[in-house]
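Structure first, commentary second.
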Amino acid sequence: MFYCSFTIIISKGCPPDICDEDSFTPLMCAAWKGNCEAGGILLKEGSAIETLDYNQKNCLHLAVEMDHVEFVKMLLRHVNSVNIINATSKMEWTPLHYAAENGNVEIMRCLLDAGANLTCKDHQVKSPLHIAASHGKLKFTAAALHEQPDTINESDRRGMTPLLLASKHGHHHVVRYLLKTGADISSRNSHEMTALSLAAMKGNVHVISVLLQFHSNVNAQDKDWDDAAHLLLHANANFCILNRKRHSVLDLAANYKREAIAAAILNNKNWEKAMNLRDSEGNTPMNMLIEKLPSCAEIVFNKCMRYSHTDQSHPDYSVTYDFKYLDPGPDDVSTLKQKKRYFALNVVYAFFIQQIIDNELPSASWDQGGCPVFNESDPMIGPHINRLENGRYVYSSMGVWVLESYLILYIVLEGIHKCYEIYIKRLDFCMDLSNWNDLIAFTATLIFILPPGRVPCAFQWNCGVLGILLSYLRFITLLQRLDYVGIYVTMFWTTVKSLLKAMAVYVLFMIAFAFTFRITFGKQFSYSTELRSFLTTFAMTMGEFGRENIFSSELSIFEASSYILFLLFLFTMPLVLVNLMIGISIGDIEAIRASSDIKRMSLQVDVTYSLESKLPVFLQRKVYSATYVDYPNKPRLGLLTKVRHFLIGEPSSGFLSDEVTDDNSLNESIGDIKNCVDTQKDFQSVVLIVLQQHGDLLRELARKNDIYTENLDNVSFLVKGHTDMVTDRTATPC
Numbered sequence: 001m002f003y004c005s006f007t008i009i010i011s012k013g014c015p016p017d018i019c020d021e022d023s024f025t026p027l028m029c030a031a032w033k034g035n036c037e038a039g040g041i042l043l044k045e046g047s048a049i050e051t052l053d054y055n056q057k058n059c060l061h062l063a064v065e066m067d068h069v070e071f072v073k074m075l076l077r078h079v080n081s082v083n084i085i086n087a088t089s090k091m092e093w094t095p096l097h098y099a100a101e102n103g104n105v106e107i108m109r110c111l112l113d114a115g116a117n118l119t120c121k122d123h124q125v126k127s128p129l130h131i132a133a134s135h136g137k138l139k140f141t142a143a144a145l146h147e148q149p150d151t152i153n154e155s156d157r158r159g160m161t162p163l164l165l166a167s168k169h170g171h172h173h174v175v176r177y178l179l180k181t182g183a184d185i186s187s188r189n190s191h192e193m194t195a196l197s198l199a200a201m202k203g204n205v206h207v208i209s210v211l212l213q214f215h216s217n218v219n220a221q222d223k224d225w226d227d228a229a230h231l232l233l234h235a236n237a238n239f240c241i242l243n244r245k246r247h248s249v250l251d252l253a254a255n256y257k258r259e260a261i262a263a264a265i266l267n268n269k270n271w272e273k274a275m276n277l278r279d280s281e282g283n284t285p286m287n288m289l290i291e292k293l294p295s296c297a298e299i300v301f302n303k304c305m306r307y308s309h310t311d312q313s314h315p316d317y318s319v320t321y322d323f324k325y326l327d328p329g330p331d332d333v334s335t336l337k338q339k340k341r342y343f344a345l346n347v348v349y350a351f352f353i354q355q356i357i358d359n360e361l362p363s364a365s366w367d368q369g370g371c372p373v374f375n376e377s378d379p380m381i382g383p384h385i386n387r388l389e390n391g392r393y394v395y396s397s398m399g400v401w402v403l404e405s406y407l408i409l410y411i412v413l414e415g416i417h418k419c420y421e422i423y424i425k426r427l428d429f430c431m432d433l434s435n436w437n438d439l440i441a442f443t444a445t446l447i448f449i450l451p452p453g454r455v456p457c458a459f460q461w462n463c464g465v466l467g468i469l470l471s472y473l474r475f476i477t478l479l480q481r482l483d484y485v486g487i488y489v490t491m492f493w494t495t496v497k498s499l500l501k502a503m504a505v506y507v508l509f510m511i512a513f514a515f516t517f518r519i520t521f522g523k524q525f526s527y528s529t530e531l532r533s534f535l536t537t538f539a540m541t542m543g544e545f546g547r548e549n550i551f552s553s554e555l556s557i558f559e560a561s562s563y564i565l566f567l568l569f570l571f572t573m574p575l576v577l578v579n580l581m582i583g584i585s586i587g588d589i590e591a592i593r594a595s596s597d598i599k600r601m602s603l604q605v606d607v608t609y610s611l612e613s614k615l616p617v618f619l620q621r622k623v624y625s626a627t628y629v630d631y632p633n634k635p636r637l638g639l640l641t642k643v644r645h646f647l648i649g650e651p652s653s654g655f656l657s658d659e660v661t662d663d664n665s666l667n668e669s670i671g672d673i674k675n676c677v678d679t680q681k682d683f684q685s686v687v688l689i690v691l692q693q694h695g696d697l698l699r700e701l702a703r704k705n706d707i708y709t710e711n712l713d714n715v716s717f718l719v720k721g722h723t724d725m726v727t728d729r730t731a732t733p734c
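Position one of the sequence shown corresponds to residue 1 (the UniProt record's numbering), numbered consecutively onward.
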C-alpha cells in the first residue's frame with residue numbers, strides 16, 4: 001500500500017525531488033526518520049542524494065546525524081561519487097564528523113570503506129577524532145586512531161589536541177586511553193593551558209587524577225600565570241602563586257564559588273600561607289570567603305581557635321582565639337593602603353550569614369573587644385551623668401536656664417560629631433534615616449529654646465512638640481541595640497514595614513469611604529470637610545463608630561443608601577482589612593523574631609566599628625588585641641572579688657583545715673595504690689601456676705617420646721621457684 005501511494009503520487013506528475021520551505025526533499029525526510037522503505041522507493045524513482053537543505057546537508061549527513069545505520073548503508077549503495085561522501089555542511093562537517101559526534105563505529109567503517117577521508121577538518125580545524133574526544137566517544141576514538149595513529153597530537157585552530165579536549169570536557173576514560181596510546185601530556189593550547197590546567201579550570205576531579213598518574217606538571221602556568229593547583233594540593237602543588245592580577249588560587253576559588261577547591265586549600269597544612277596572600281589593595285581572602293563561601297570561612301574560624309586540652313573538664317582547659325583575620329588591626333597593610341580599617345564582623349552581619357554568626361570565634365571577638373566598647377559608648381548602658389541628687393527636676397528660672405544651656409551645648413557637640421560623620425561617610429550619611437531624624441530633632445529643639453529665657457511663640461511650641469517626638473524616636477532607636485529589649489524594638493519596626501506595604505490598598509479604601517461619607521453625612525460637623533471626613537473614617541476603622549450621631553433626621557434623601565453604605569463599611573474596614581493586617585503581623589512574627597537578633601547585633605557592631613575608626617591610631621593600638629585566651633573552667637572574678645583576695649587571701653589558701661584535708665586525700669590515694677598492687681600480685685600468681693602446669697604436661701609428653709628435656713627442666717625449675725617466691729610474698733602480711 002505504501003509503494004502504491006508513492007507510485008500514484010509520482011505518476012500524477014509530482015517530482016521526487018520537490019522541496020519544502022526548509023529545502024527538504026522527500027528523500028531527506030526519509031533519511032531524517034530512517035524510513036528505509038520510503039527511501040528505497042524514492043531512490044528507484046531517481047531522487048538525488050546530493051541535494052542540500054538550508055544547512056548545506058545532504059541525505060547522507062542527515063542519516064548519519066540521526067544514527068540510522070541501515071539507511072546509511074542503503075545510501076552508500078547508490079552513491080556514485082566520493083565527493084558526496086566527503087561533502088561538507090554549513091559547519092564544514094562531513095558525515096564522518098556526525099558519526100564521531102554519535103560515536104557510531106559501524107557507520108564510520110561503512111564510510112571509510114566507501115572512500116571517506118578521516119583527516120578532513122571543519123571550520124575550526126577539527127577532525128572527526130577531535131569531535132569524538134570532546135564528546136567522550138571512546139570506541140570511535142580508538143577506531144580512528146587505529147586507522148590514523150599519527151593524528152593523535154594534531155591540534156585545531158585554538159591549539160586543542162584530542163587530549164586537551166577530552167580533559168576539558170571531563171572524559172577521563174578517553175584521557176586514559178589517549179595517554180596510553182602515546183598522546184603528549186605536555187601539549188598546550190593557544191592560551192598556554194595544559195590538560196591539567198583545563199581539567200582544573202572545569203573542576204574535573206577524575207581527569208585530574210588520571211593526569212597525575214601519568215606525572216603531569218602540576219605547576220604549569222598559562223599566559224595569565226594561572227596554574228592548575230586548585231585541585232592538585234595532594235600532589236604538593238604550590239598554591240601561593242599570584243597571577244598577573246595578584247589573585248591567588250584561594251581568591252579565584254572563592255570568586256567562582258568553588259567550595260571543594262577552597263576547602264582543600266584551607267584544610268592543607270600550609271593554609272595560613274594562602275590566607276596571608278594579599279591582593280593589590282592589601283586584602284586577604286577573608287572578605288570574599290565570608291561573602292561567597294561562608295562554609296569555608298567557618299573552616300578558617302575553627303582553625304583560629306586552639307585548645308589546650310582535649311578534656312574540656314580539665315581545670316586548666318583554655319581556648320586561645322586568634323582574631324587576625326577578623327580584625328587585622330590598625331597597622332595592617334589593608335588599613336594603611338585603603339585608609340580604612342577592615343572589620344569582618346561588619347560583613348558577617350551585613351549579609352546576615354547565620355552559619356558564621358553562630359560560630360564561636362566571632363562571638364568571642366565581640367565579647368572581648370566590641371561589647372565593652374559598645375557598652376561604654378551607648379548612652380543607654382554607659383555611665384549616667386545627668387542625674388540630679390534629689391531625683392527630680394525643679395522648674396525654676398535658673399533650672400530652665402541650666403537645662404537650655406545644657407541642651408545647646410549638647411546639640412553643638414552632636415552637630416560637630418555629625419559634621420565629622422558627613423566628612424567620613426559622605427553620601428552614606430544621607431542614606432541613613434536615623435541621621436535625618438537626629439538633624440531635624442536638633443534643629444527643632446534649637447528653634448524651641450532659642451533665644452534662652454524667652455517664652456516660646458506658637459511656631460516654637462510646634463517645633464518643640466516635633467523635637468520631643470523625634471527625640472523619643474531616637475531614644476527608641478537606641479533601645480534597639482540592647483540585648484533584651486532590642487529584639488522587641490526591631491520586631492516592632494519590621495512589623496511596621498510589613499503593615500506599610502499593605503497600607504497602599506488600605507488607604508484607598510479609607511479615601512473611598514471618606515468621600516462617600518462626606519456626601520452622605522455632609523450636614524454633620526465630623527463630615528463637613530474632606531479632611532474631617534477622612535479622619536472620622538479612620539477613627540471609625542479603629543472602632544469609634546458613634547452610630548447614634550451618624551443616623552440623624554437630617555439624612556433626608558440619603559437615608560436608604562446611608563444604611564447600605566454603613567453596613568458595607570462595617571464589613572470591609574473593621575472586619576476584613578483590620579483582621580488582614582493582624583494576620584500579616586502574626587504571619588511574619590517568626591521570620592521577624594529570627595532576623596531581629598541578627599539586626600540588633602549588626603547595629604551594635606556598626607556602632608563599635610564607627611567608634612573605633614574615629615579613634616586616633618595610637619589609641620587603636622592600645623585597644624587592639626590579636627589573640628585572646630579564655631579559661632572557661634576557671635571562675636570569672638569581678639573587681640571587688642580580686643581586691644578581697646589580694647587583701648585577705650583566697651579561700652583555698654593553706655590553713656590547718658586544708659592541710660588535714662590534703663593528708664586525708666593522700667592516705668586515700670595510698671590505699672587505692674595498695675589495692676591495685678595486691679590485685680596485680682594475685683593475677684601474676686595465677687598466671688605462673690598455669691605456666692607450671694603447662695610445663696609439667698610438656699615434660700611428661702617429652703619423656704613418653706624419649707625427647708631430651710634438660711632445657712625444659714631448667715625452665716620449669718625457674719618457673720616453679722618464681723611461683724614459690726610470689727606465693728610467699730602474697731602470703732606475707734603488709
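We put the CB at the ideal spot given by N, CA and C, even for glycine. Predicted model, so just to flag it, every value in this text is computed and none were measured.
- Distance from Ile265 to Leu250 at the Cβ level is roughly 5 Å; contact confirmed, criterion being Cβ atoms closer than 8 Å.
- In this structure, the beta-carbon distance from Val79 to Ala114 falls below 8 Å.
- By the C-beta density criterion, Val175 is buried, having at least 16 other C-beta atoms within 10 angstroms.
- Rounded to whole angstroms, the separation of the alpha carbons of Val348 and Val105 is 57 Å.
- Counting along the chain, Met305 sits inside no alpha helix (DSSP H); it lies in the beta strand (DSSP E) bounded by residues 305-307.
- Excluding residues up to 5 positions away in sequence, Val175, Ala195, Leu198, Ala199, Val207 lie with their Cβ nearer than 6 Å to the Cβ of Ser167 in the same chain.
- Separation of Val300 and Glu360 (C-alpha to C-alpha, rounded to the nearest whole angstrom) is 12 Å.
- Only residues of its own chain outside the window of five on either side were considered, and among them Leu196, Ser197, Ala200 have a CB closer than 6 Å to the CB of Ala228, listed in chain order.
- Taking each of Leu473, His130, Leu129, Leu565 in turn and checking the Cα distance to Thr516, the smallest one comes out for Leu565.
- Between the stretch 153-168 and the stretch 183-190 there are three or more C-beta pairs closer than 8 Å, enough to call the two in contact.
- Taking C-beta atoms as the reference points, Glu92 and Asp67 fail to come closer than 8 Å.
- Of the residues assessed, Lys57 falls on the buried side of the cut-off, its CB having 16 or more other CB atoms within 10 angstroms.
- Exclusion of the five residues before and after Ser280 leaves Lys245, Arg246 as the residues of its chain whose Cβ lies within less than 8 Å of its Cβ.
- By the CB criterion at 8 Å, Gly464 and Pro451 fall outside the cutoff.
- In the DSSP assignment, Val218 falls outside any alpha helix (DSSP H), carrying neither H nor E.
- The count of Cβ pairs closer than 8 Å, one atom from the stretch 20-32 and one from the stretch 43-52, reaches three, so the stretches are in contact.
- The beta carbons of His171 and Gly136 sit about 4 Å from each other, so the pair counts as a contact at 8 Å.
- Per the C-alpha coordinates, the member of Cys59, Tyr406, Asn102, Gln680 positioned closest to Ile449 is Tyr406.
- Within the same chain, Lys418 come within 8 Å of Leu439 by CB-CB distance, once the 5 residues on both sides are set aside.
- When secondary structure is reduced to three states using DSSP, Tyr342 falls in the coil class, being assigned neither helix nor strand.
- Straight-line spacing of the CA atoms in Gly40 and Tyr54 works out to 24 Å.
- In this chain, the alpha helix (DSSP H) harbouring Val465 covers 458-479.
- According to DSSP, Thr627 shares a beta bridge with Asp322.
- Of the residues Thr284, Asn267, Trp271, the one whose Cα lies closest to the Cα of Asn255 is Thr284.
- The Cβ atoms of Tyr321 and Cys304 lie closer than 8 Å to each other.
- The beta carbon of Leu96 sits closer than 6 Å to the beta carbons of Leu111, Ala116, Pro128 from its chain, once the five residues preceding and following it are set aside; these are given in chain order.
- Between Tyr325 and Met286, the C-beta spacing is below 8 Å.
- With respect to the C-alpha of Val412, the residue from Lys425, Thr445, Asn302, Trp436 having the closest C-alpha is Thr445.
- For Asp227, DSSP records a beta bridge to Gln221.
- The three-state reading of DSSP puts Glu281 in coil, since its state is none of H, G, I, E or B.
- Under a 10 Å Cβ-count criterion, Glu530 is classified as exposed, with fewer than 16 other Cβ atoms of the shown protein chains found around its own Cβ.
- Leu118 carries a coil assignment under DSSP once its states are collapsed to helix, strand and coil.
- If you look at Val72, you'll find it in the alpha helix (DSSP H) that goes 69-78.
- Assigned with DSSP and collapsed to three states, Val175 falls in helix.
- 8 Å or more divides the Cβ of Cys59 from the Cβ of Leu76.
- Per DSSP, the continuous alpha helix (DSSP H) segment holding Glu147 begins and ends at 138-147.
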